[in-house]
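K.L.:
Numbering (this note's numbering), first residue to last: -13 to 49. All C-beta atoms in this analysis are idealised placements derived from N, C-alpha and C, irrespective of residue type, glycine included. Quick one: the structure is below, questions incoming.
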Ligand SMILES: [Zn+2]
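Take a look at the structure:
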């Protein structure tokens, strides 16, 4: 599993949204338009609303 990130709109930096999935799983959800909320962003402390298409994976950096 890879960690799922969004770009924090306040800092422009990637923030972990608390989800873990594989790329093909994320891709399969890309058209979902349901809004979800990231509470207390670890970068800016605000809540952020996001959709699946706003998300991306980051590898664990192995290697
Ligand atoms: Zn933020």
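Short of 7 Å in beta carbon distance, which residues of its chain neighbour residue 14, apart from the five on each side in sequence? Order them along the chain.
P.N.:
Taken in chain order, the list of residues that qualify is empty.
K.L.:
When you compare only the Cα positions, how much space is there between residue 45 and residue -12?
P.N.:
Their Cα atoms are separated by approximately 6 Å.
K.L.:
Can you name, in chain order, every residue of its own chain whose Cβ lies under 8 Å from the Cβ of residue 41, other than the five neighbours on each side?
P.N.:
Hits under 8 Å: -10, -9, -8, 3, 5, 12.
K.L.:
Cα separation between residue 35 and residue -1?
P.N.:
Approximately 15 Å, taken between the alpha carbons.
K.L.:
According to DSSP, what are the bridge partners of residue 35?
P.N.:
DSSP output for residue 35 lists 23 as bridge partner(s).
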